[in-house]
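Student: Attaching a single structure in structure tokens format; questions to follow.
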Amino acid sequence: MASNADIASRFATMADCLELLGENTFRVNAMRKVARVAEDAADDLCELARRIPKQLQAMDGIGASSASKIIEFANTGRMHEYEELLATLPAGLIDVLRIPGLGPKTVKLLWDQGGVTDLVSLKAKLASGDLAAIPRMGAKILQNIAENIAFIETASARTRLGDALPFAEELVSRLRAVTGVQEADYAGSLRRGRETIGDIDLLVATNDPVSVMQAFVAFAEVAKILAHGETKSSVRLHNGMQVDLRAVPPAVWGAALLYFTGSKEHNVSLREFAQQQKMRLNEYGLFPDDGNEQPPQSRGVKALAAATETDIYKALDLAWLPPELRESRNGCQPPPTNLLQITDIRRELHSHTTASDGACSIEQMVREAKRRGFDCIAITDHSRSSAQANGLSIERLIEHIAAVRAVGEAVTGIHVLAGSEVDILADGHLDYPDEVLAKLDWVVASPHTALKQTPEAATQRLLAAIANPYVRVIGHPSGRILGGRPGLEPDWRTLFAAAAQAQVAFEINSNPMRLDLRDQLVQAALEAGCLLSINTDAHSLQNFNLLRYGITTARRGGLTTDACINTWPWQRFNTWFQK
DNA sequence: GCCGTTTTCGGCCCGACTGTTTTCAGTCG
């Protein structure tokens, strides 16, 4: 089965090959952009290429040339230009390009003059000392190559948001305690809330950058200093993560934060937008474009805006864009009004107790929801097929419903729904018969098994669940685990259309292992008029804290309060789900 | 290779740091 990921990897590899061959960098970047677009796309591009090929080219970043490559791939499973390009280079050379610090120029040099064709030959030639004869290959560079080979051979790929964010917050609080630091924060993909991040970008405002940098590289977590300058340092920590720190004067905090938050594509968009208005934007501020090539800040040119991000957007006549929306797909478009915020959430609609695989009692979960100011919690323990999660037989479920209702009466000031997270079986049947579902207040239907079935089977399976009159929410719809398993790949647009029609909500599961629906699919669901529900799937009291990750994912998809059932006033919600 | 409220041709963001060099190329974000 060909997927968007297959298309993305082919274009990314073509970009690598072209770069090694010394091709025009703009062509290389265009290839990379197609790879990103393919990776992010909510639609199955092969399916689209077969059904409505014209729509491919309508996508931003995909032109006639790339569209025809995708169409060829969709119809034949092959992409001749990719195959030809790959054949012009040693097969292992692309791996050499993955070594940090080695770019296309150096790899080509190692290939042409050193006979390096893959990681194995590179290591052998490093050991033999042959490479030292090549121009620009000094002892330092060779030593760095050797160390970085060792690093990529042991390092894991990207880090999940849920692992990186708490860690970054800890580093930020320690930086704030360093003498001379006036402001500190994290930026980059972490601030944009991407589901996984490559490294942690930190920013400090200070008038004494040198000593702040010295304090930073001396942090106990630092395993290796990759760069250490007056205003910028880069380190690798003992846990393998890379952390970059930039220091800027307090007066340009906003410009720097904007720049280091990215995305790269958003920065390019903003700079191009500035150019059109005869202005220049860099990390030191927004300046008038006086035609002088030299950086304006180094010539004492006064910035038009620099102190805050809002100032800069305003000076460009744009609305401030929340970091979550600064991805290439959003361009410089203003954010939707009523973009969801964490304070808008009024209820948790997916939670577990000790009855199945949770760690806390019904009453503990209910009291925690109340303590957090929620007006409602749905207790949704697992259904009978989830044996590994101690799923409830019909008999146990009947008793559990009574127990949940009893707590609901005992604890005042919060609505308690007796619910279930019912397995959607592989064939689309639910794990309890309808007459049992009828006894519940609330039904979340989720796939837990058979997560490798074909897209066609997955589509039929989820359509069947959407059609069940008792189902209100489709829980973690793909069943993916980040860095674990890809999960189902149904025809999402078909599902969203059906769910919009049936008034069934799709869940954004806040657990950082899942974040399912993912951001791009949230956007597609919204376009289809679908309702969404953000839940933590709490298995403990601490799990309520995971909500922030679901909110971030929702915001990245542009979710508004109106489309999110967890934000509705109780009356509206109650009327909706009782139907 | 992509794109268009100056353009279907001619552009395509900008600066810090490293290492190897006597002034800069390469890499990175």
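When you read off a place in the first sequence, starting at 1, and then add 823, the result is the number in our numbering. Ideal placement from N, C-alpha and C gives every residue a C-beta, glycine not left out.
1) What do you get for R959, buried or exposed, if any count of 16 or more other CB atoms within 10 angstroms of its CB means buried?
2) Could you work out which residue in Y1107, S1121, P1313 and E1116 is closest to D1134 when comparing CA atoms only?
3) If I follow the unbroken alpha helix (DSSP H) through V1035, where does it start and stop?
4) Do T1203 and H1223 have their C-beta atoms closer together than 7 Å?
5) Thinking L1253 and A1281 are a contact (beta carbons under 8 Å), I'd like their distance in whole angstroms, please.
6) Mapping the DSSP letters down to three states, classify M1188 as helix, strand or coil.
7) Report the residue from A1074, P1072, P1073 and Q1037 whose alpha carbon sits nearest the alpha carbon of S1057.
8) Please name the residue or residues paired with E1244 in a DSSP beta bridge.
9) Name the two residues that bound the continuous alpha helix (DSSP H) containing F1110.
10) Could you name the residues of the same chain whose beta carbon sits closer than 7 Å to that of V857, not counting the 5 residues immediately before and after it, in chain order?
11) In three-state terms, what does DSSP make of Y1009?
12) Are the CB atoms of A1386 and L1355 nearer to each other than 7 Å?
13) According to DSSP, simplified to helix, strand and coil, what is D839?
14) For E1330, does the three-state DSSP call read helix, strand or coil?
15) When you compare the segment 1011-1029 with the segment 1061-1070, are there three or more beta-carbon pairs, one atom per stretch, that lie closer than 8 Å?
16) Mind checking N1230: buried by the 16 CB within 10 Å criterion, or exposed?
17) CB P1270 to CB P1313, shorter than 7 Å?
18) Would you mind stating whether R874 and A897 have Cβ atoms separated by less than 7 Å?
19) Return yes when the Cβ of G1181 is within less than 7 Å of the Cβ of H1299, no when it is not.
20) Please state if the CB of E1132 and the CB of L1080 are separated by a distance shorter than 7 Å.
21) Is it true that the CB of A1328 sits closer than 7 Å to the CB of V1296?
22) Which residue comes first and which comes last in the alpha helix (DSSP H) that contains H1223?
23) Check for me: the beta strand (DSSP E) holding H1051 runs from which residue to which?
24) Nearest to S1333 by CA position, among L984, F1400, P1073 and P1119, is which residue?
25) Could you pull the DSSP bridge partners for E1171 from this structure?
26) Counting Cβ pairs, one atom from each stretch, are 3 or more of them under 8 Å apart for the segment 1314-1322 and the segment 834-852?
27) Let's test the definition: count the other Cβ atoms within 10 Å of the Cβ of L988 and tell me whether it reaches 16, buried, or not, exposed.
28) Alpha carbons only, please: which of G1306, L1305 and L1344 is nearest the one belonging to L1318?
29) If you measure between the beta carbons of L1109 and A1130, is that distance less than 7 Å?
30) In chain order, what residues of the same chain have a beta carbon less than 6 Å from the beta carbon of G1373, not counting five sequence neighbours either side?
31) With L1104 as the anchor, note down where its beta strand (DSSP E) starts and where it stops.
32) So what does DSSP say about N1358, is it helix, strand or coil?
33) Give me the residue from Q1365, I1304 and L1286 with the minimum Cα distance to T982.
34) Of all the options R855, L1382, T899 and A1201, which has the alpha carbon lying nearest to the alpha carbon of L1163?
35) Identify whether I968 lies in helix, strand or coil by the three-state DSSP scheme.
36) Could you have a look at V1071 and say whether DSSP puts it in helix, strand or coil?
Tutor: So, to answer that:
1) The sequence position of residue 959 within the first sequence is 136, counting from 1. Exposed, because fewer than 16 other Cβ atoms sit within 10 Å of the Cβ of R959.
2) Counting from 1 along the first sequence, the entry for residue 1134 is found at position 311. Closest option to D1134, Cα to Cα, is Y1107.
3) The residue given as residue 1035 occupies position 212 in the first sequence. P1032 to V1040 is the span of the alpha helix (DSSP H), which, as asked, contains V1035.
4) Looking up residue 1203 in the first sequence gives position 380. Looking up residue 1223 in the first sequence gives position 400. Contact flag unset, no.
5) The residue labelled residue 1253 in the question sits at position 430 within the first sequence. The residue labelled residue 1281 in the question sits at position 458 within the first sequence. Rounded, the Cβ-Cβ distance is 16 Å, inconsistent with contact.
6) Reading the first sequence from its first residue, position 365 is the one you call residue 1188. Looking at M1188 - three-state DSSP - the assignment turns out to be helix.
7) To locate residue 1057, count along the first sequence from 1; it is residue 234. Answer by Cα proximity: Q1037.
8) Position 421 of the first sequence holds residue 1244. Bridge partners of E1244: H1205 and V1267.
9) Counted from its first residue, the first sequence places residue 1110 at position 287. Taken as a continuous stretch (DSSP letters only), F1110 belongs to no alpha helix (DSSP H), being part of the beta strand (DSSP E) at G1108 to P1111.
10) As a working note, residue 857 is residue 34 in the first sequence. Correct list, in chain order: F834, G884, I885 and S889.
11) Start at 1 with the first residue of the first sequence, and residue 1009 comes out as number 186. Correct three-state label for Y1009: strand.
12) The residue you call residue 1386 lines up with position 563 of the first sequence. The residue you call residue 1355 lines up with position 532 of the first sequence. Cβ atoms of A1386 and L1355: closer than 7 Å.
13) Here the question's residue 839 lines up with position 16 in the first sequence. Helix, per DSSP.
14) Working through the first sequence from its first residue, we reach residue 1330 at position 507. Strand, per DSSP.
15) yes
16) Here residue 1230 refers to the residue found at position 407 of the first sequence. This sequence places Val at residue 1230; Asn is not what is there. With 16 or more other Cβ atoms within 10 Å, it is buried.
17) Residue 1270 sits at position 447 when you count from the first residue of the first sequence. Residue 1313 sits at position 490 when you count from the first residue of the first sequence. For P1270 and P1313, no; Cβs fall outside 7 Å.
18) Here residue 874 refers to the residue found at position 51 when the first sequence is read from its first residue. Here residue 897 refers to the residue found at position 74 when the first sequence is read from its first residue. No, these two residues do not count as a Cβ contact at 7 Å.
19) Along the first sequence, one-based indexing puts residue 1299 at 476. Along the first sequence, one-based indexing puts residue 1181 at 358. Against a cut-off of 7 Å, the Cβ pair of G1181 and H1299 comes out as no contact.
20) The residue given as residue 1080 occupies position 257 in the first sequence. The residue given as residue 1132 occupies position 309 in the first sequence. In this structure, E1132 lies closer than 7 Å to L1080 by Cβ.
21) For the purposes of this step, residue 1296 is taken as the residue at position 473 of the first sequence. For the purposes of this step, residue 1328 is taken as the residue at position 505 of the first sequence. Closer than 7 Å, so yes.
22) Here residue 1223 refers to the residue found at position 400 of the first sequence. Unbroken alpha helix (DSSP H) run through H1223: I1217 to A1233.
23) One-based indexing of the first sequence puts residue 1051 at position 228. Here the beta strand (DSSP E) through H1051 covers V1045 to H1051.
24) The count along the first sequence starts at 1 and reaches residue 1333 at position 510. Ranking the options by Cα distance to S1333, first place goes to L984.
25) Translated into the one-based positions of the first sequence, residue 1171 becomes position 348. E1171 pairs with I1200.
26) no
27) In the first sequence, the residue the question calls residue 988 occupies position 165. So L988 ends up on the buried side.
28) By 1-based counting over the first sequence, the position of residue 1318 is 495. Residue L1344 is the option with its Cα nearest to L1318.
29) Within the first sequence, residue 1109 is the residue found at index 286, counting from 1. Within the first sequence, residue 1130 is the residue found at index 307, counting from 1. Cβ distance not < 7 Å, so L1109 and A1130 don't count as in contact.
30) For the purposes of this step, residue 1373 is taken as residue 550 along the first sequence, with counting starting at 1. Answer for G1373: I1331, S1333 and I1357, listed in chain order.
31) Walking along the first sequence from the start, residue 1104 turns up at place 281. Per DSSP, L1104 belongs to the beta strand (DSSP E) from M1102 to N1105.
32) Within the first sequence, the letter at position 535 stands for residue 1358. Reduced to three states, the DSSP call for N1358 is strand.
33) Translated into the one-based positions of the first sequence, residue 982 becomes position 159. Residue I1304 is the option with its Cα nearest to T982.
34) Working through the first sequence from its first residue, we reach residue 1163 at position 340. Nearest of R855, L1382, T899 and A1201 to L1163, Cα basis: L1382.
35) Translated into the one-based positions of the first sequence, residue 968 becomes position 145. Of the three classes helix, strand and coil, the one that applies to I968 here is helix, per DSSP.
36) Sequence index remark: in the first sequence, residue 1071 carries index 248 (1-based). The answer is strand: DSSP assigns V1071 an E or B state.
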